[in-house]
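Note that this note's numbering has the sequence shown beginning at 208, numbered continuously upward.
Think of the CB as a built atom: it goes at the ideal place given N, C-alpha and C, for glycine as much as any other residue.
The structure appears right after this line, and notes come after that.
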Amino acid sequence: MDDKPRSTSSGIMTRVDVRFVDTDAHGHVNNSHIATYFEIGRDQVLRDGDSIVSAPSCTFVLAQYTVRFIHEVTFPGVVSVESTVESIGRSSVTLRQVLRENDIICAESTSTIVHFCTETRRAKELPDDVKSFLTRSR
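And the structure:
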């Protein structure tokens, strides 16, 4: 990433440098790396400084993920991933993300992440402070 993520009126904006290694034989960024760019954006929504916001002994796991590829991403370049919390459930969060290169929408994603207790190996209800933190990117 070349810049720190920043809040916008519509969510968290994360900039990611496109690397040569991200490209495939067709000269554009391979779809698996698009998924990585979206993961970087999701991670930033959950961060407060250096740590992930969650209850003790908990983390977030990806439960569902869809991507719609719209336009190719090329090297060299920088993409921006705009991540917005679409909804907050009892133990899950649904995110909507848009990936742009040069202000052109290249891909869109919707994902559901679940607040997961690493001790019980089960979903755990989101604490009020985590819900409150996540509403900043709605």
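Can you give the Cα-Cα distance for residue i and residue j, rounded to whole angstroms?
i: H235; j: A242; result: 14 Å
i: V252; j: R222; result: 13 Å
i: I320; j: H233; result: 32 Å
i: F287; j: D231; result: A small fix is needed here, since residue 287 is Ser in this sequence, not Phe. Using only the alpha carbons, I get a separation of about 20 Å.
i: V260; j: H322; result: 10 Å
Thinking C-alpha only, which one of the options is nearest residue i?
i: R275; options: D257, T342, T317; result: T317
i: S298; options: V280, L341, T281; result: L341
i: V280; options: F227, S339, V337; result: F227
i: V300; options: S239, S258, S339, D257; result: S339
Which residues in the same chain have their Cβ closer than 7 Å to the Cβ of residue i, if we skip the five residues on either side of it in sequence?
i: A314; result: I241, V274, R275, F276, I277, L306
Quickly, what does DSSP pair residue i with across the bridge? List them, please.
i: S287; result: R222, R307
i: I320; result: L269, V300
i: R275; result: E315
i: H235; result: T281
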